[in-house]
Amino acid sequence: MQNHHISQETMNAILDAIKHRFPEAYPLFLVQAELGLRPSEAVALTTDDFFGTAVTVNPGWSGKGLVQLKSNPRVVSAPTKVADVLTQHIETIIRLHPGAQTPRFLFTSKQTGKPFTPAYVMRMWHLALADLHLAPISLLALRMSALTERAQPSR
Numbered sequence: 192m193q194n195h196h197i198s199q200e201t202m203n204a205i206l207d208a209i210k211h212r213f214p215e216a217y218p219l220f221l222v223q224a225e226l227g228l229r230p231s232e233a234v235a236l237t238t239d240d241f242f243g244t245a246v247t248v249n250p251g252w253s254g255k256g257l258v259q260l261k262s263n264p265r266v267v268s269a270p271t272k273v274a275d276v277l278t279q280h281i282e283t284i285i286r287l288h289p290g291a292q293t294p295r296f297l298f299t300s301k302q303t304g305k306p307f308t309p310a311y312v313m314r315m316w317h318l319a320l321a322d323l324h325l326a327p328i329s330l331l332a333l334r335m336s337a338l339t340e341r342a343q344p345s346r
């Protein structure tokens with residue numbers, strides 16, 4: 192699992208597999224693939240962290256589980272595609288869990304409304320790779336590929 196770069200073609204195939212097998216998790220993996228967030232940062236995002244195309248990113252997991260750590264936040268600009276998917280995703284969360292406390296975590300189980308755990312995120316990732324008959328790829332590769340892509344000058 193040493194490969195820390197995923198081609199755009201492979202990335203698109205993985206995202207498509209996730210979209211079809213785990214539709215509620217597609218926005219999570221899209222955010223990681225497009226914004227270069229660490230899995231812990233992505234799962235910690237709440238409805239309050241997203242405004243238009245701006246995403247405020249905070250470290251997310253501590254030894255006590257999922258928490259919003261407000262130290263050293265950074266703002267990342269989301270492409271229109273990501274902003275549109277997140278907007279629709281937030282509308283779905285609110286519709287499915289209207290009485291939930293705000294801010295709400297963005298990436299949750301449809302049934303329970305509880306945030307995805309790191310183990311569940313890894314399971315979805317590995318199952319999507321297996322569906323495509325791909326060798327194991329580190330989830331870190333999603334972040335590294337996104338950061339490499341974002342660093343490229345506009346074409």
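Counting in my numbering, the sequence shown tops out at residue 346, every number present. Don't be surprised by glycine CBs; every beta carbon is placed ideally from N, CA and C.
Residues near residue i by beta carbon distance below 8 Å, same chain, minus five either side
i	result
G243	A274
Distance between residue j and residue i (C-alpha atoms, nearest Å)
i	j	result
T201	A332	11 Å
Q302	E215	11 Å
H280	A326	30 Å
A245	L221	15 Å
V234	R265	15 Å
P316	L330	A quick correction: the sequence has Trp, not Pro, at residue 316. Rounded to whole angstroms, W316 to L330 spans 7 Å at the Cα level.
K305	T299	5 Å
D207	N263	33 Å
I285	G227	26 Å
Contacts around residue i, its chain only, beta-carbon distance under 6 Å, and the 5 residues preceding and following it disregarded
i	result
L236	L297
C-beta neighbour in chain B for residue i, strict 8 Å
i	result
L221	Here there is only one protein chain, and chain B is not present.
7 Å Cβ shell around residue i - same chain, five flanking residues per side excluded
i	result
I209	A216, Y217, F220, M315, A319
Counterpart residues of residue i in DSSP-defined beta bridges
i	result
T237	F296
T339	BP columns for T339 are empty, so no partner.
S268	A245
Proximity of residue i and residue j at Cβ, strictly below 8 Å
i	j	result
Q223	A337	yes
F241	L277	yes
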